[in-house]
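Chains as they are written, first to last, in this note's numbering: chain F, 3 to 225; chain B, 4 to 229; chain D, 8 to 41.
Okay, structure coming up:
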């Protein structure tokens, strides 16, 4: 482990610890949010963001794989997708908790909950596909293709659905965009949390890629 | 260009003729669609839903039936080539894009036939009031195209995998859900007469279907190449 | 207020635990790579 690497990791430890403390103790409860539910936002938004980032990275790795056919690219795609799945689950759960406190129901299919669900389904489908193809090259190719296909549908979800969606459900409780209601203290903690989670993702991603590289090397040696 | 088109139609034509003889996919489509329709009609019928809920709920039901029928009937378009060992021959005989387009046309014809029978039947049995009939047809056609494009590329992918029955549906669903949302919206709009929403939904469906078409055309050769 | 402190404590413990696990894993992988 390089010295900079070690330093950065310890920094991450302290950084996130401070963020956690700040989220619960330093920031006052935000107005417009029921009870202390605004605090969940500091964990919910970053996990959703990382889930999407991981997906993006996975797709880029997939495109790279189709271009240069390097097994490392496929490994990276799979590792990032795995991380993305974990963070997507976390985002869904924290979102549901938030929804329960704010609007009384764990799930009401608002555009964001819908989007994260579809992201979850994409990840699940991706791994189902990988599980169904025994040959490593075929598996990498098909997974890469699917990853790209799934990626092109995501912008529609992210941008188009929320805009059109509300005309369909005028009776659903209006869902104030939490981000708009935050003042500067909240914003700072949110951004810090975002940075911390992203750092965590980067660390886990590089670690996962290194592990897969070792596994791959071992397999090649056996052959 | 016309040579390419002729080849595409040849591929599609061969599939459709075989299908007409064996009726495997058609049976799956019809069986699913009609059974579900009968069940829905029997339990819910034209009277149970309140007037304000009807446009949306009936729209949802219609598209659920169409989607699941498609998932049931369209999964085998490539698998059957592998099973009858004609895949290799097809690879030699036609360029990848020709194969893709041919299968797409085949799937499209099947879906449109399904819709042509199902939609009127549904409207009659469920008392689904369509205020803008031609725009309804537009939504159906656009949805059918979106369905066909997506199921074609997914069918190509699973033909190369060890298919455990559900894989086709598992892969298709996340790709089709956004489409479904817009189609339901558009169909609700033709029932309530909401032109603005109809227009927005149709545009969304067409752009999604368009993007899917371009991307699948680009990626298909990668999947098909063996 | 102490409810909040409780949740924070749990979150911190989870974070420190997670960090320790990943850090150890990182060290092990580094050794394997050399």
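We put the CB at the ideal spot given by N, CA and C, even for glycine.
Under 8 Å between beta-carbons, which chain F residues line up against residue i? List them in chain order, please.
{"i": "residue 34/D", "result": "3"}
{"i": "residue 215/B", "result": "151, 154, 155"}
{"i": "residue 211/B", "result": "155, 158"}
Under a Cβ-count criterion, where at least 16 other Cβ atoms within 10 Å of its own Cβ denotes burial, should residue i be classed as buried or exposed?
{"i": "residue 41/D", "result": "exposed"}
{"i": "residue 186/F", "result": "exposed"}
{"i": "residue 53/F", "result": "buried"}
{"i": "residue 222/F", "result": "exposed"}
{"i": "residue 180/F", "result": "The pLDDT assigned to residue 180/F is 49, lower than 50, so where the model puts this residue is not dependable, and the model offers no usable value."}
{"i": "residue 18/F", "result": "buried"}
{"i": "residue 68/B", "result": "buried"}
{"i": "residue 175/B", "result": "buried"}
{"i": "residue 182/F", "result": "The pLDDT assigned to residue 182/F is 49, lower than 50, so where the model puts this residue is not dependable; a value taken from the coordinates is nonetheless given after this. Under this definition residue 182/F is an exposed residue."}
{"i": "residue 35/D", "result": "exposed"}
{"i": "residue 197/B", "result": "buried"}
{"i": "residue 78/F", "result": "buried"}
{"i": "residue 223/B", "result": "buried"}
{"i": "residue 27/F", "result": "exposed"}
{"i": "residue 176/F", "result": "With a pLDDT of 42 at residue 176/F, under the threshold of 50, the predicted position of this residue should be treated as unreliable, and no value is reported."}
{"i": "residue 35/F", "result": "buried"}
{"i": "residue 12/D", "result": "exposed"}
{"i": "residue 174/F", "result": "Residue confidence for residue 174/F is low, a pLDDT of 36 falling below 50, so the modelled location carries little weight and cannot support an answer."}
{"i": "residue 225/F", "result": "exposed"}
{"i": "residue 12/F", "result": "exposed"}
{"i": "residue 117/B", "result": "buried"}
{"i": "residue 83/B", "result": "buried"}
{"i": "residue 76/B", "result": "buried"}
{"i": "residue 119/B", "result": "exposed"}
{"i": "residue 178/F", "result": "Confidence at residue 178/F is low in this model, with a pLDDT of 48, below 50, so its placement is unreliable and the value that follows should be read with caution. It is exposed - the Cβ of residue 178/F has fewer than 16 other Cβ atoms within 10 Å."}
{"i": "residue 60/F", "result": "buried"}
Kindly list, in the order they appear in chain D, the residues whose Cβ is closer than 9 Å to that of residue i.
{"i": "residue 93/F", "result": "What residue 93/F touches in chain D: nothing, since even the nearest Cβ is about 16 Å away."}
{"i": "residue 206/F", "result": "29"}
{"i": "residue 121/F", "result": "Simply none; closest approach about 22 Å."}
Could you tell me how far apart the beta carbons of residue i and residue j are, in whole angstroms, since I believe they sit closer than 8 Å?
{"i": "residue 80/B", "j": "residue 106/B", "result": "5 Å"}
{"i": "residue 164/B", "j": "residue 101/F", "result": "Contact doesn't hold; Cβ gap of about 36 Å is too wide."}
{"i": "residue 131/F", "j": "residue 148/F", "result": "6 Å"}
{"i": "residue 120/F", "j": "residue 180/B", "result": "5 Å"}
Mind listing the chain D neighbours of residue i? Cutoff is C-beta to C-beta under 7 Å, in chain order.
{"i": "residue 227/F", "result": "The displayed coordinates of chain F run from 3 to 225. Any statement about residue 227/F would go beyond what the structure contains."}
{"i": "residue 213/F", "result": "36"}
{"i": "residue 38/F", "result": "11"}
Residues of chain F with a CB under 7 Å from the CB of residue i: which are they?
{"i": "residue 37/D", "result": "3"}
I want to verify the contact list: residues of chain F whose CB lies under 9 Å from the CB of residue i, in sequence order.
{"i": "residue 99/B", "result": "The contacting residues do not exist; residue 99/B stays about 13 Å from chain F at best."}
{"i": "residue 166/B", "result": "134"}
{"i": "residue 173/B", "result": "123, 126, 127, 130, 131"}
Could you list which residues in chain B have their beta carbon closer than 7 Å to that of residue i, in chain order?
{"i": "residue 140/F", "result": "163"}
{"i": "residue 147/F", "result": "160, 222, 225, 226"}
Under 8 Å between beta-carbons, which chain B residues line up against residue i? List them in chain order, please.
{"i": "residue 143/F", "result": "225, 226"}
{"i": "residue 234/F", "result": "Chain F is shown from 3 up to 225; residue 234/F falls before or after that span and cannot be answered."}
List, in order along the chain, the chain D residues whose C-beta lies closer than 8 Å to that of residue i?
{"i": "residue 27/F", "result": "11, 12, 15"}
{"i": "residue 19/F", "result": "19, 22, 23"}
Of all the residues that make up the region 56-80 of chain F, which are near chain B by a beta-carbon distance shorter than 8 Å? Result list: 68.
Every unbroken alpha helix (DSSP H) within the region 156-206 of chain B, with a cutoff of 4 residues, ordered by chain: 170-195
Which runs of the alpha helix (DSSP H) at least 4 residues long sit entirely within the region 27-102 of chain F? Give them in chain order. 43-70
Can you pull out the residues from the region 19-33 of chain B whose beta carbon lies closer than 9 Å to at least one beta carbon of chain F? Result list empty, no residue passes.
Give, in chain order, every unbroken run of the alpha helix (DSSP H) that is at least 4 residues long and sits entirely within the region 42-130 of chain B. 57-76, 82-86, 90-96, 99-129
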